[in-house]
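Residue numbers (my numbering): 2 to 65.
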């Protein structure tokens, strides 16, 4: 489902702004790691530099 779980939303509402910021940063870092892992599977011949460059570009040009 595209709708957030009400229980999760309640937990997030109780966090301080600083805690919400840290949660967002963690989600962002996790997304970048997942993207890099996927690129390594699809392009096993790419050096790590190329993988990280592709990750940067993917997040730079991501649409909301």
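Glycine included, each C-beta is placed from N, C-alpha and C at the ideal position.
Quick caveat: nothing in here was measured; it's all calculated off a predicted structure.
- In the DSSP assignment, residue 18 falls within the alpha helix (DSSP H) that extends over 18-43.
- Taking C-beta atoms under 8 angstroms as the contact rule, residue 59 and residue 36 qualify, at a distance of about 6 angstroms.
- Within the model, the alpha-carbon separation for residue 11 versus residue 39 is close to 32 angstroms.
- Where residue 14 is concerned, the enclosing alpha helix (DSSP H) starts and stops at 7-15.
- For residue 8 and residue 15, the gap between their C-alpha atoms comes out near 11 angstroms.
- Sorting 57, 3, 4, 6 by C-alpha distance to the C-alpha of residue 32 places 57 at the top.
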